[in-house]
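See below for the structure under consideration.
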Amino acid sequence: GLGRRLTNAQIDERKAAGVVPAVRYRSEPDAVTFDDLVLGSITVGPDDIDDFVIARGDGSALYNMAVVVDDHHMQISHVIRGKDHVSNTFRQVLLYEALDWAPPRFGHLPLVVNERRQKFSKRDGAQWLGDYRAQGYLPEVLCNFLIFLGWAPVDEREIFSLDELVQEFSLQRVNRADAVFDTQRLDHFNGVWIRGLDIDDLAARALPYAAADGLTIGPADHDYFAAALALEQERLSHLNKTAELMDFFFDQDLNPDMRQAKFTKHDPSETAQALVRVSELIAQAESYDDATLEQQMRELAGQLGWKAGDLFMPVRVAVTGRRATPPLFATMEVLGRDRCQVRIQRAVKNLAALTGGSI
Numbered sequence: 037g038l039g040r041r042l043t044n045a046q047i048d049e050r051k052a053a054g055v056v057p058a059v060r061y062r063s064e065p066d067a068v069t070f071d072d073l074v075l076g077s078i079t080v081g082p083d084d085i086d087d088f089v090i091a092r093g094d095g096s097a098l099y100n101m102a103v104v105v106d107d108h109h110m111q112i113s114h115v116i117r118g119k120d121h122v123s124n125t126f127r128q129v130l131l132y133e134a135l136d137w138a139p140p141r142f143g144h145l146p147l148v149v150n151e152r153r154q155k156f157s158k159r160d161g162a163q164w165l166g167d168y169r170a171q172g173y174l175p176e177v178l179c180n181f182l183i184f185l186g187w188a189p190v191d192e193r194e195i196f197s198l199d200e201l202v203q204e205f206s207l208q209r210v211n212r213a214d215a216v217f218d219t220q221r222l223d224h225f226n227g228v229w230i231r232g233l234d235i236d237d238l239a240a241r242a243l244p245y246a247a248a249d250g251l252t253i254g255p256a257d258h259d260y261f262a263a264a265l266a267l268e269q270e271r272l273s274h275l276n277k278t279a280e281l282m283d284f285f286f287d288q289d290l291n292p293d294m295r296q297a298k299f300t301k302h303d304p305s306e307t308a309q310a311l312v313r314v315s316e317l318i319a320q321a322e323s324y325d326d327a328t329l330e331q332q333m334r335e336l337a338g339q340l341g342w343k344a345g346d347l348f349m350p351v352r353v354a355v356t357g358r359r360a361t362p363p364l365f366a367t368m369e370v371l372g373r374d375r376c377q378v379r380i381q382r383a384v385k386n387l388a389a390l391t392g393g394s395i
């Protein structure tokens, strides 16, 4: 280093100018080697380690010196960190030797990179755990997903509880290659975890998101909310999508746009007449459950001379306001007889408006 080459005159000149010298570790012309728990044996040549600064002129220690002293006095046995710290580790090994202290075991993990294989940064995703919570990710999912950034189990299994990860994890199965932060895989994990939750557990987790997004759900509605959520569980990918999927269950003023029914085979007038028959069927049904509704609705389609699907779509739009929903008859069962009747009657009026006021 430069400090070694200064003459006495140059040193005196710097002192006179008020330059306060830093404290450096004097490197020796030897290779440095340590055994890494992940990367194996690593060596650098003598030209790769300079006379590095360990303390400023005011006596305050720099990182490498401070962390060695700190870890020694805290009796740290293992230092596990990113492989971008390998260059620091060589210097720390030298300091441990100089102080005659036993070094901890070192393990350097692969770096997390984005899908362009560049170092992952704040611009590539959520910046802190609260962002992931706001986006509807489960805590268990983040643990499950993050462990796969550089680690793999002995088999093809992907879904692990925290307790299972504790049992399965070993540094020996950590990869050396950088780990890609794949948001599609994170979303996949979240959906799998959501589908695997007990419905009461899922309802308790989803309710705050639904309420925050404007669904009015009182204490008396909790069972109804859970029943409706059970129908959407397969389609729910993030907790913050709860209200988006379920708002039609709670919209007391839902006024279906019947143009969504398309009318490819039956015009609005015929569709309105069919919905009147559906309304009568619902009113007269002794049992209001999905199996009974489906059986009777199929029979009605036959009586009308319609294909079942041609009847089911306008009924779906009428009671939900949507073309894509959970299974129709299970949805109608949860919505209840009265709510379905009101919505079908509104749908008939809307169809009448499309035909100039008559059906």
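Heads up: the sequence shown begins at 37 in the numbering used here, then just goes up one per residue. Using N, Cα and C, we set each Cβ at its ideal position, and we do this for glycine too.
Cβ-Cβ separation, residue j to residue i (assumed contact under 8 Å), whole Å
i: residue 275; j: residue 284; result: About 18 Å separates the two Cβ atoms, so there is no contact after all.
i: residue 88; j: residue 78; result: With a Cβ gap of about 18 Å, residue 88 and residue 78 do not count as contacting.
i: residue 251; j: residue 279; result: 5 Å
i: residue 198; j: residue 179; result: 5 Å
i: residue 151; j: residue 218; result: 7 Å
i: residue 384; j: residue 311; result: 5 Å
i: residue 376; j: residue 355; result: 5 Å
i: residue 68; j: residue 129; result: 6 Å
i: residue 294; j: residue 211; result: Residue 294 to residue 211, Cβ: 55 Å. No contact.
i: residue 268; j: residue 362; result: 6 Å
i: residue 236; j: residue 264; result: About 14 Å; that fails the 8 Å criterion.
i: residue 165; j: residue 230; result: No, residue 165 and residue 230 are not in contact; Cβ-Cβ is about 18 Å, not under 8 Å.
i: residue 332; j: residue 321; result: 6 Å
i: residue 86; j: residue 63; result: 6 Å
Residue interval of the alpha helix (DSSP H) (run including residue i)
i: residue 352; result: 344–356
i: residue 312; result: 304–320
i: residue 334; result: 326–340
i: residue 379; result: 373–390
i: residue 131; result: 122–135
i: residue 49; result: 44–52
Same chain, Cβ closer than 6 Å to residue i, five either side skipped, listed in chain order
i: residue 59; result: 90, 91
i: residue 365; result: 326, 329, 330
i: residue 196; result: 180
i: residue 227; result: 273
i: residue 346; result: 301
i: residue 348; result: 364
i: residue 76; result: none
i: residue 80; result: 68, 126
Cutoff 7 Å; reference residue i; Cβ partners in own chain excluding five residues on either side
i: residue 324; result: 369, 373
i: residue 101; result: 90, 91, 131
i: residue 47; result: none
i: residue 93; result: 56, 57, 58
i: residue 382; result: 291, 292
i: residue 72; result: 78, 142, 143, 144
i: residue 343; result: 337
i: residue 120; result: 147
i: residue 318; result: 373, 376, 377
i: residue 315; result: 377, 380, 381
First through last residue of the beta strand (DSSP E) which encompasses residue i
i: residue 77; result: 76–80
i: residue 71; result: 68–72
i: residue 152; result: That residue, residue 152, is in no beta strand (DSSP E); it is neither H nor E in DSSP.
i: residue 141; result: 141–145
Test: residue i CB closer than 8 Å to a CB of chain D
i: residue 271; result: The structure shown has no chain D; it contains just one protein chain.
Own chain, CB closer than 8 Å to residue i, minus 5 neighbours either side, in chain order
i: residue 189; result: 196, 204, 209
i: residue 201; result: 179, 180, 183
i: residue 149; result: 155, 156, 214, 215, 216, 217
i: residue 307; result: 294, 297, 299, 350, 387
i: residue 358; result: 284, 296, 352
i: residue 225; result: 177, 180, 181, 194, 195
Next on the checklist: So within the stretch 163–218, which uninterrupted beta strand (DSSP E) runs reach at least 3 residues, ignoring any that extend past its ends?
Outcome noted: none
Checklist entry - Which ranges does the alpha helix (DSSP H) cover as unbroken runs of at least 4 residues, wholly within the stretch 238–313, from first to last along the chain? => result Listed in chain order, the complete alpha helix (DSSP H) runs (minimum 4 residues) inside the stretch 238–313 are 258–268, 278–286.
Next on the checklist: List, from N- to C-terminal side, the alpha helix (DSSP H) runs of 4 residues or more that fit wholly inside the stretch 84–116.
Outcome noted: 99–109
Checklist entry - Is the number of C-beta pairs between the stretch 253–269 and the stretch 333–345 that are closer than 8 Å three or more? => result The answer is no - the stretch 333–345 does not touch the stretch 253–269, with fewer than three Cβ pairs under 8 Å.
Checklist entry - On the three-pair Cβ rule with 8 Å, is the stretch 102–110 touching the stretch 142–151? => result no
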